[in-house]
Amino acid sequence: MPEPLTRARIVAAAIDLIEREGADAISMRRIAADLGAGVMSLYNHVPNKAALLDAVAESVYSRIEFTDDPTAEWTERVRAQARAFRQIAHHYPRSTMVVISRQLRSPAGILPVEHALVTLREAGFGGEDAVRLLRTFIAYIIGSLLREVGVTPTFAPAQGQDKTPVADPALFPEVGRLAPLLGSCDHEDSFEFGLDMLIRAAADRLQEVRAAARDAEAEERSAEEEARSGGEAAGAARKGSARG
């Protein structure tokens with residue numbers, strides 16, 4: 001007896017096809033053929049291709065495992081969240097390219113954003129800074145993933161590929177000197193280096209915000225004290241005038 005057709009089976013078949021042949025291979029007819037079902041029967045579960053791609057994104061998002069400790073320092077929580085997204089991208093490299101191209105509509109897609117914003121807000125960042133930092137980290141993570149994607153596109157190995165740039169050292173002396181380093185890349189090490197730089201910059205920003213808040217509070221206290229002193233002086237002057 002054939003397995004019943006369900007939305008979960010359709011989405012799983014779509015992810016499998018994307019990982020094998022890329023998102024361009026996706027069509028309702030192709031998915032139906034892979035499942036041995038009639039194409040019209042798919043529409044009982046998924047209304048169209050766009051909805052199917054949204055479902056793929058939702059499925060991938062739902063597999064992100066957040067293992068960061070809520071009691072840990074915010075810097076470690078951000079680091080763990082970035083690693084979690086990168087890990088799922090390594091499991092589903094081609095599907096991840098679909099994920100980042102879809103708008104966030106489902107709870108599964110919005111959850112990682114909520115998780116990151118809560119972490120940043122609890123650290124002490126204001127709303128505007130939290131959103132800006134979130135976008136910065138997303139841009140970095142996606143950029144790193146795109147760099148790792150090969151022509152196929154699957155993730156290129158970190159070692160064993162010679163991509164040393166060929167350049168005239170007279171015209172490009174630094175490129176010539178650093179050619180061996182430019183021609184090789186440990187993706188894991190490179191990702192961690194960049195992530196550390198971003199987290200340090202964010203921590204510096206937080207210190208600036210806290211310092212500015214302390215200065216503003218001190219100025220407000222000083223103004224209140226001056227106003228109070230001025231009021232007391234004026235009161236004393238009025239009393240002196242009354243006695244005279």
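Residue numbers for the sequence shown, in the UniProt record's numbering: 1 to 244.
Where is the CB? At the ideal position from N, CA and C, for every residue including glycine.
How would you label ARG225, buried or exposed, when you count the other beta carbons within 10 angstroms and need 16 or more for buried? It should be noted that the sequence gives Glu, not Arg, for residue 225. Its Cβ having fewer than 16 others within 10 Å, GLU225 is exposed.
Distance, PHE193 Cα to ARG20 Cα: ARG20 and PHE193 have their C-alpha atoms roughly 31 Å apart.
Looking at the unbroken alpha helix (DSSP H) that takes in THR119, where does it start and where does it end? Its alpha helix (DSSP H) spans residues 107 to 123.
Taking SER62 as the reference, which of TRP74, VAL11 and GLU3 has the closest Cα? Nearest neighbour of SER62 by Cα position, chosen from TRP74, VAL11 and GLU3, turns out to be VAL11.
Does DSSP put SER184 in a helix, a strand or coil? In this structure, SER184 counts as coil in the three-state DSSP scheme.
Ignoring anything shorter than 4 residues or poking outside the segment 52 to 109, list the alpha helix (DSSP H) runs there in chain order. Segments of the alpha helix (DSSP H) lying fully in the segment 52 to 109: 74 to 91 and 93 to 99.
State whether the segment 112 to 123 contacts the segment 45 to 56, with contact taken as three or more CB pairs (one from each stretch) at a distance under 8 Å. At 8 Å Cβ cutoff, the stretches do not touch.
Work out the CA separation of VAL98 and VAL56 for me, nearest whole Å. Looking at the backbone, the Cα of VAL56 and that of VAL98 are separated by about 8 Å.
In three-state terms, what does DSSP make of ASP189? DSSP places ASP189 in helix when its eight states are reduced to three.
Classify SER222 as helix, strand or coil using the three-state DSSP reduction. Residue state, collapsed to three classes: helix.
If you draw a straight line from the C-alpha of ARG221 to the C-alpha of ASP215, how long is it? Note on geometry: alpha-carbon atoms of ARG221 and ASP215 lie some 10 Å from one another.
Near ARG30, what residues of its chain come up, given a Cβ to Cβ distance below 8 Å and the 5 sequence neighbours on each side ignored? Here the set comprises LEU17.
Consider the C-beta atom of LEU178 and the heavy atoms of the ligand ATP; say whether any pair is separated by less than 7 Å. This structure does not include the ligand ATP; it has no bound ligands of any sort.
CB of ALA23 within 8 Å of CB of ARG94, strictly: Result yes, Cβ atoms of ALA23 and ARG94 sit closer than 8 Å.
Which residue wins for smallest C-alpha separation from residue 307, given the options THR75, GLY176 and GLU217? With the chain running from 1 to 244 in the structure shown, residue 307 is simply not present.
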